[in-house]
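S.K.: Position 187 of the sequence shown, counting from 1, maps to 187 under the numbering used here, and the rest follow consecutively.
Idealized CB from N, CA, C, for every residue including glycine.
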Amino acid sequence: MTIDLDDAKRFSYCGADIHDGKLRILFAPGYLGTNIDDALERPVLLKALNAAPPAPEGDSAALALSFAARLNIRDEYEPEAERIRSQIAQILAKPDIKLNPNFDDTFARLTEDSRAKETELRSDWDSVLGSFTKLYWEGLANQLKYQKFDEDDLLQEGFHEAVDKGEITFRIVDKLKYSSYCECEVEEGILYLQCPSKYWGTNIDSVAQGLIDRL
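(1) I think residue 97 touches residue 166, with their Cβ atoms under 8 Å apart; what is that distance to the nearest whole Å?
(2) Might you give, ordered along the chain, the residues of its own chain that have their beta carbon closer than 6 Å to the beta carbon of residue 109, omitting 5 neighbours on each side?
(3) Considering only residues of the same chain and omitting the five flanking positions on each side of residue 12, which have a CB-CB separation below 7 Å?
(4) So, with DSSP's three-state summary, where would you put residue 51?
(5) Return the chain-ordered ranges of every beta strand (DSSP E) run that is complete within the stretch 142-194 and spans a minimum of 3 residues.
(6) Given a threshold of 16 other Cβ atoms within 10 Å of its Cβ, counted over all protein chains shown, does residue 34 qualify as buried or as exposed?
(7) Give me whichever residues DSSP pairs with residue 15 in a beta bridge.
(8) Are at least three pairs of beta-carbons, each pair with one atom in the stretch 71-88 and one in the stretch 108-122, less than 8 Å apart?
(9) Would you check if the distance between the CB atom of residue 3 and the CB atom of residue 25 is smaller than 8 Å?
(10) Quick check on the DSSP output: the alpha helix (DSSP H) that includes residue 88 runs from which residue to which?
(11) Between the beta-carbon of residue 38 and the beta-carbon of residue 64, is there less than 8 Å?
(12) Can residue 114 be considered in contact with the ligand HEM, in the sense that its beta carbon sits closer than 7 Å to one or more heavy atoms?
(13) Helix, strand or coil for residue 4? Go by DSSP, reduced to three states.
(14) To the nearest angstrom, report how far apart residue 157 and residue 150 are at their CA atoms.
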């Protein structure tokens, strides 16, 4: 950790960034010692970590995600992932069902959309990457119950035959076929929950409406 002058005048009094792998506390010209407590307040620190370039070594796939995205996945998605998977597995009578959150592809697609001039994507999209993906799984579980998959052996058998790879994946798509905001689709033995980037997080609970018609 170092202290340096904010010669780029990014902060009114003080702030922080990551430079050459080190955390820098920055002070504006003429304001050394002013509002010291604000330099590392949570929003400032998160923004600095989010803007930091990835480390040169390690898991390149994981490092492709922003710090905010990784933090949200760790805090909001991972603690609940197995519970939700087990719930869906029980509803479908498929103990080994796999849920693929597809975080890297979702992050890449949403990053591209966020850089468009007239994007409709919410500004904090990466900080809810894990939370929203979890909600899509929960929306699926609710729809499976609503459509009586937990009570009907024939529906379960139809699901197993159509989704023969035993995998459910979330993805961002350019266009939808059956709905306005989000939908489900079966392709090559995989059930996809999908939405366009501009409707990321919209009407999540309806993501699996019409699943029976897809089987």
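M.R.: Put simply:
(1) With 8 Å as the limit, residue 97 and residue 166 qualify as a contact, their Cβ atoms being about 6 Å apart.
(2) For residue 109, same chain residues with a beta-carbon under 6 Å away, outside a window of 5 residues either side, are 172 and 197 in chain order.
(3) Closer than 7 Å at the Cβ level, and outside the excluded window around residue 12, lie 28.
(4) In the three-state DSSP reduction, residue 51 falls in the helix class (H, G or I).
(5) Counting whole runs of 3 or more residues, the stretch 142-194 contains the beta strand (DSSP E) stretches 167-172 and 183-187.
(6) By the Cβ neighbour-count rule, residue 34 is exposed, with fewer than 16 other Cβ atoms within 10 Å of its own.
(7) According to DSSP, residue 15 bridges with 26.
(8) The count of Cβ pairs closer than 8 Å, one atom from the stretch 71-88 and one from the stretch 108-122, stays below three, leaving the stretches out of contact.
(9) Yes, these two residues count as a Cβ contact at 8 Å.
(10) Residues 78-92.
(11) At least 8 Å separates the beta-carbon of residue 38 from that of residue 64.
(12) This structure lacks the ligand HEM, and indeed carries no ligand of any kind.
(13) Of the three classes helix, strand and coil, the one that applies to residue 4 here is strand, per DSSP.
(14) The alpha-carbon atoms of residue 157 and residue 150 are separated by roughly 11 Å.
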